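Visitor: First the structure, which I've put down as structure tokens, then a few questions once you've had a look.
Right, here's the structure in full:
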């Protein structure tokens, strides 16, 4: 009762005329603005973007920033499609270069919006492969981050990006630092074929199913796809090197000419941090085979056998993987009998 | 494009917080998921390390979240995350200058979290954080690291002292201070040491050693930090202790609230907690006080330290420290000299330059000089200074404040070394009690009363006073020579002896059935040799048979100083006052023989303590002169301050109007605006969350609600009125409350 009375009074107060008192300052008006503060800078809430389209370079840069940082999904998506059209135009209009585009947009691999990811892949596909190749190591970092992302959708979309990268720069992917073992690690973790987790927990446990098929609606398809891409990856890794035709000048070129490839002495690791086994480069097929045999063969073959028994799409994908393994390891050691 | 529907599981999984929760609930089942995130973390880490300064905000955010997740569950998967602490350390060590502040904070927080989960040990955490603390240019990071370092050290010393860790850190701090004496980096060593000393985490000699090294540095800030530690570290420690024990809970109030408010588990818990806290505080109160030595006492080689400090910072003319800081250093040096009775002769001649009224902060110099004086300083060294003070400060021409300060500082010096005075000078100074200014009069009288007790021969006969004259005549008051010390003894042992004899006499009187008197005493003396009473064992174990023989031997050899516990002198008062009646009595009769002839039992010691206390109360009630009381009250640990020197000059000065107004306003409710006392009280009540008193409610009650009752009251019959009055009386007897069962 008391409180409602008070409220009534308070309401009434609005309609009373304020009493003026001698010797006191007037009451502040309702719309009084306090201007007694001091500030070093003024933040403006709304800003207009002036883009009349006259300066295409500026506009491109602006769009690139929008694509990387804008909050709304639609803005990012539209910016990406704009960049795609610019890059795919004949002649391509890319004032900042592929390197900067990649640096800006790579974090979008694990973007939350499905359409942004799709548009990003579209953009990747129109990038000139020769300019992508030097940046494979960096791309692989993002791809590995995406492959073990919490969300299953991002994981599967990252596989698409991986597939594209294998298409355009398969050789670099498997031979760059960390490209072989670390990526294999991510694949096996994705598939749940990881030996180190079980040993870390001291016991395998009795419910260690391949977790990727659990819970998701299109579980088998997703797993099949993962196995497929793994097979492609292994194929790329075990591809026999093409023997270069004899070049009588090669010896002298090697000594006196500038190398044609980017970072030709990467294997020396002159400037980076010291690498461990996982981060090491495996530049040729033999070394890849050897380290695969030592570390991954048993677990991947074991997982593959299990997948084969599942049949269906997963089984078919596992058969593909089997084929890739047999092809790749033909000359290293016999596979265990079926 | 419409929104895509997410599967329920996926939706929940897609956030790291819930994953963390699940992992903590069931680490085994979520090992695979954790491993995925570990790989994601690894990838993000590599992305970040490849270009730490240009990482995009998106990447930073992801990395931040993953670092957080892994730090929280790292203890569950020790095999997988073995490298994690090293990653964080490396990240912090190499990139702390370019890391984004939030990420940086997260990395530091994660390391501390790992420490709390016992994944890493304190030493490795602190040795990681400490180098960054002293090298980073970022203020926020420094304050964060400082807080973390302090809290970790406190935490690891909370249950029991972690000596090993403390030693490591103290060595690090020591090296920091000593390695580069000119840099400000030593500041951090002093700050950390001071804070831990204040919290009593460190209370041994090693931190004092660190601070000692800091004092001997070349950087002004570091030196001042060290000096302030010695001057005020112990006081701040005591204050902190008082503060932390001050926030007690009002148990009565909590109990009352729990009776009124709705009962809930939370309130029950709060109540139990309050009870626990009260119990803990009670236990703390009854617990013996922890033995904490002050930093000044824990110093190793104070003589060398004081000499070095004096030579390096004060005597050295190239030293460019500011005057305030030099004064601080001087205070420390003189405190050390006074406390440990050190001898630095050149210190006194150094003082001469500063003893003029025009010197800035001269009262501080005077106080320091008084502090530097003790009874082992040769009077020749101080005499010229006293003469100089008298010449410069005390004259009819000088301002009254100056004269008062001069005389007072001479008195402070003379308390500590009475031999520094010449007869003519003293007589001249004492004559200033004829001055018009009250401050000067008081100072001169103080000097006079001091010399009445310690060295009355120096005063003219008419200024000696009755007691001193009588003492001189009877030989009770005696001038002490330079370097003379009291003969040690057990304080109050003669009281105990007296008490015992009284007890014995009483017992005898009871046994014999005789009134206590001469006869009883005689009997006592006769029986003293052969009998001891069984119940006397409780108080003392006097082997009376042998005691007679021993007494003779001891009293013959007067100079034979008995080997007994040394009296704890020096902490209470300087030993120049030896006019104690008991002492004189003891000296006249020879020293009490009780402690030589018998072993004091614990019961004896208790009684002794009690007797001592009684005696002290007697003295405090007026059996003792003001001077001695002052000397006893003043703890030697506290030293002399400039305020002590300036005190007499403030006497008799009228206060200004502002001071008087402030004094009048003190303790009254604040009135920012014109308001009635009632209104102020009401607003105070409202601020406390209370509405109004019952009285106020009764006063404000609607008239119409009370009018009926009032009208009925006038129409009551006589019996009704009587009944009502009777009830009123009865009510007031049992607490003034109307019970439910009370008759209407």
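Protein chains in written order, with full-length UniProt numbering: chain A, 1 to 338; chain B, 1 to 744.
Every residue gets a Cβ at the ideal spot worked out from N, C-alpha and C, and that includes glycine.
The structure presented is a predicted model; accordingly, all values stated were derived computationally and were not measured.
Determine whether the beta carbon atoms of residue 110 of chain B and residue 68 of chain B lie at a separation below 8 angstroms.
Guide: Here the question's residue 110 of chain B lines up with position 110 in the second chain. Here the question's residue 68 of chain B lines up with position 68 in the second chain. Yes, they are a contact pair.
Visitor: Are there 16 or more other CB atoms within 10 angstroms of the CB of residue 21 of chain B, so buried, or fewer, so exposed?
Guide: As a working mapping, residue 21 of chain B is identified with position 21 in the second chain. Exposed, by the Cβ-count rule.
Visitor: How about residue 19 of chain B: is its C-beta nearer than 8 angstroms to some C-beta of chain A?
Guide: By 1-based counting over the second chain, the position of residue 19 of chain B is 19. So, interface residue.
Visitor: Quick check on the DSSP output: what are the complete alpha helix (DSSP H) runs of length 4 or more inside the region 387-468 of chain B, in order along the chain?
Guide: 400-416, 423-430, 438-454 and 461-464
Visitor: Can you tell me the Cα-Cα spacing of residue 384 of chain B and residue 194 of chain B, whole angstroms?
Guide: One-based indexing of the second chain puts residue 384 of chain B at position 384. One-based indexing of the second chain puts residue 194 of chain B at position 194. Cα-Cα distance, rounded: 39 angstroms.
Visitor: Does the CB of residue 56 of chain B have a neighbour CB from chain A at under 8 angstroms?
Guide: Here the question's residue 56 of chain B lines up with position 56 in the second chain. Taking Cβ atoms only, chain A reaches closer than 8 angstroms to residue 56 of chain B, which makes this a yes.
Visitor: Using beta carbons (cut-off 8 angstroms, strictly below), is residue 53 of chain B in contact with chain A?
Guide: Numbered from 1 along the second chain, position 53 holds the residue referred to as residue 53 of chain B. Not one chain A Cβ lies under 8 angstroms of residue 53 of chain B.
Visitor: Could you check if residue 393 of chain B is buried or exposed, using at least 16 other CB atoms within 10 Å of its CB as the buried criterion?
Guide: Taking the second chain and counting its residues from 1, the one referred to as residue 393 of chain B is at position 393. With 16 or more other Cβ atoms from the protein chains shown falling within 10 Å of its own Cβ, residue 393 of chain B counts as buried.
Visitor: Helix, strand or coil, according to DSSP, for residue 174 of chain B in the structure here?
Guide: For the purposes of this step, residue 174 of chain B is identified with residue 174 of the second chain, where counting begins at 1. Three-state result, residue 174 of chain B: helix.
Visitor: Starting from residue 676 of chain B, find everything on chain A with Cβ-Cβ shorter than 8 angstroms and list it in chain order.
Guide: Numbered from its first residue, the second chain carries residue 676 of chain B at position 676. None at all; the shortest Cβ gap to chain A is about 17 angstroms.
Visitor: Can you list, in chain order, the residues of the region 267-291 of chain B whose Cβ is nearer than 8 angstroms to any Cβ on chain A?
Guide: none
Visitor: Do you know offhand how far residue 72 of chain B's Cα is from residue 130 of chain B's?
Guide: Against the second chain, residue 72 of chain B aligns to sequence position 72. Against the second chain, residue 130 of chain B aligns to sequence position 130. When rounded, the distance between both Cα atoms is 23 angstroms.
Visitor: Does the beta carbon of residue 162 of chain A come closer than 8 angstroms to any beta carbon on chain B?
Guide: Translated into positions along the first chain, residue 162 of chain A becomes position 162. It does not; no Cβ of chain B falls within 8 angstroms.
Visitor: Determine, using beta carbons only, whether residue 368 of chain B and residue 334 of chain B come nearer to each other than 8 angstroms.
Guide: Taking the second chain and counting its residues from 1, the one referred to as residue 368 of chain B is at position 368. Taking the second chain and counting its residues from 1, the one referred to as residue 334 of chain B is at position 334. Yes, they are a contact pair.
Visitor: Per DSSP, what kind of secondary structure is residue 215 of chain B in: helix, strand or coil?
Guide: Here residue 215 of chain B corresponds to residue number 215 of the second chain, with the count starting at 1. Residue state, collapsed to three classes: helix.
Visitor: With a cut-off of 8 angstroms, does the C-beta of residue 573 of chain B fall near any C-beta of chain A?
Guide: Mapped onto the second chain, residue 573 of chain B falls at position 573. Confidence in residue 573 of chain B is poor, its pLDDT being 41 and thus under 50, which makes the residue's placement too unreliable to answer from.
Visitor: Let me know if residue 656 of chain B comes out buried or exposed under the rule of 16 or more other beta-carbons within 10 Å of its beta-carbon.
Guide: The residue given as residue 656 of chain B occupies position 656 in the second chain. It counts as exposed.
Visitor: Residues of chain A with a CB under 7 angstroms from the CB of residue 698 of chain B: which are they?
Guide: Locating residue 698 of chain B in the second chain gives position 698, counting from the first residue. Neighbours of residue 698 of chain B on chain A: none; closest Cβ ~16 angstroms, over 7 angstroms.
Visitor: Measuring alpha carbon to alpha carbon, tell me which of A:139, A:143 and A:77 ends up nearest residue 122 of chain A.
Guide: Reading the first chain from its first residue, position 122 is the one you call residue 122 of chain A. Here the closest residue by C-alpha is A:77.
Visitor: How close, in whole Å, do the beta carbons of residue 97 of chain A and residue 140 of chain A come, if the pair is a contact with beta carbons under 8 angstroms?
Guide: Working through the first chain from its first residue, we reach residue 97 of chain A at position 97. Working through the first chain from its first residue, we reach residue 140 of chain A at position 140. The pair is not a contact, with the Cβ atoms about 20 angstroms apart (cut-off 8 angstroms).
Visitor: For residue 752 of chain B, which of B:175, B:186, B:237 and B:213 has the nearest alpha-carbon?
Guide: No answer is possible for residue 752 of chain B: it lies beyond the span of chain B, which begins at 1 and ends at 744.
Visitor: Where does residue 259 of chain A fall in DSSP's three states?
Guide: By 1-based counting over the first chain, the position of residue 259 of chain A is 259. Taken through DSSP and simplified to helix, strand or coil, residue 259 of chain A comes out as coil.
Visitor: Name the chain A residues whose beta carbon is nearer than 8 angstroms to that of residue 50 of chain B?
Guide: Taking the second chain and counting its residues from 1, one reaches residue 50 of chain B at position 50. The contacting residues are 138 and 141.
Visitor: Using three-state DSSP, classify residue 309 of chain B as helix, strand or coil.
Guide: To locate residue 309 of chain B, count along the second chain from 1; it is residue 309. The answer is helix: DSSP assigns residue 309 of chain B an H, G or I state.
Visitor: First and last residue of the alpha helix (DSSP H) that includes residue 324 of chain B?
Guide: Translated into positions along the second chain, residue 324 of chain B becomes position 324. Start and end: 323-340.
Visitor: Rank A:107, A:222, A:132 and A:252 by C-alpha distance to the C-alpha of residue 159 of chain A and give the top, closest one.
Guide: By one-based count along the first chain, residue 159 of chain A stands at place 159. Among A:107, A:222, A:132 and A:252, the Cα nearest to that of residue 159 of chain A belongs to A:222.
Visitor: At what residue ranges does the region 101-149 of chain B contain a whole run of the alpha helix (DSSP H), taking only runs of 4 or more?
Guide: 101-116 and 122-135
Visitor: Helix, strand or coil: how does DSSP classify residue 354 of chain B here?
Guide: Your numbering for residue 354 of chain B matches position 354 in the second chain. If DSSP states are grouped into helix, strand and coil, residue 354 of chain B belongs with the helices.
Visitor: Following the continuous alpha helix (DSSP H) through residue 73 of chain B, name the residue where it begins and the one where it ends.
Guide: Locating residue 73 of chain B in the second chain gives position 73, where the first residue counts as 1. It spans 57-73 - the alpha helix (DSSP H) in which residue 73 of chain B sits, taken as one unbroken run.
Visitor: List, in chain order, every chain B residue whose beta-carbon is nearer than 7 angstroms to that of residue 149 of chain A.
Guide: Looking up residue 149 of chain A in the first chain gives position 149. Near residue 149 of chain A (Cβ distances below 7 angstroms), the residues of chain B are 40.
Visitor: Measuring alpha carbon to alpha carbon, tell me which of B:365, B:240, B:272 and B:206 ends up nearest residue 255 of chain B.
Guide: As a working mapping, residue 255 of chain B is identified with position 255 in the second chain. Comparing Cα positions, the closest option is B:272.
Visitor: Can a CB atom of chain A be found closer than 8 angstroms to the CB of residue 35 of chain B?
Guide: Here residue 35 of chain B is taken as the residue at index 35 of the second chain, counted from 1. Output row for residue 35 of chain B: interface = yes.
Visitor: Using a Cβ cut-off of 7 angstroms, pull out every chain B residue sitting near residue 107 of chain A, in sequence order please.
Guide: Here residue 107 of chain A refers to the residue found at position 107 of the first chain. Those within 7 angstroms of residue 107 of chain A in chain B are 56, 58 and 59.
Visitor: Starting from the beta carbon of residue 47 of chain B, find every residue of chain A whose beta carbon is closer than 9 angstroms, and list them in chain order.
Guide: One-based indexing of the second chain puts residue 47 of chain B at position 47. Here the neighbours are 106, 107, 138, 141, 142 and 145.
Visitor: Can you give me the C-alpha to C-alpha distance between residue 519 of chain B and residue 499 of chain B, rounded to a whole angstrom?
Guide: By 1-based counting over the second chain, the position of residue 519 of chain B is 519. By 1-based counting over the second chain, the position of residue 499 of chain B is 499. Summary for residue 519 of chain B: the model assigns pLDDT 47, below 50, so the residue's position carries little reliability; its value from the coordinates is reported in the next sentence. Each residue's Cα considered, the two are about 19 angstroms apart.
Visitor: I want to verify the contact list: residues of chain A whose CB lies under 9 angstroms from the CB of residue 43 of chain B, in sequence order.
Guide: Walking along the second chain from the start, residue 43 of chain B turns up at place 43. For residue 43 of chain B, the C-beta contacts it makes with chain A under 9 angstroms involve 140, 141, 142, 143, 144, 145, 146, 147, 148, 182 and 186, in order along the chain.
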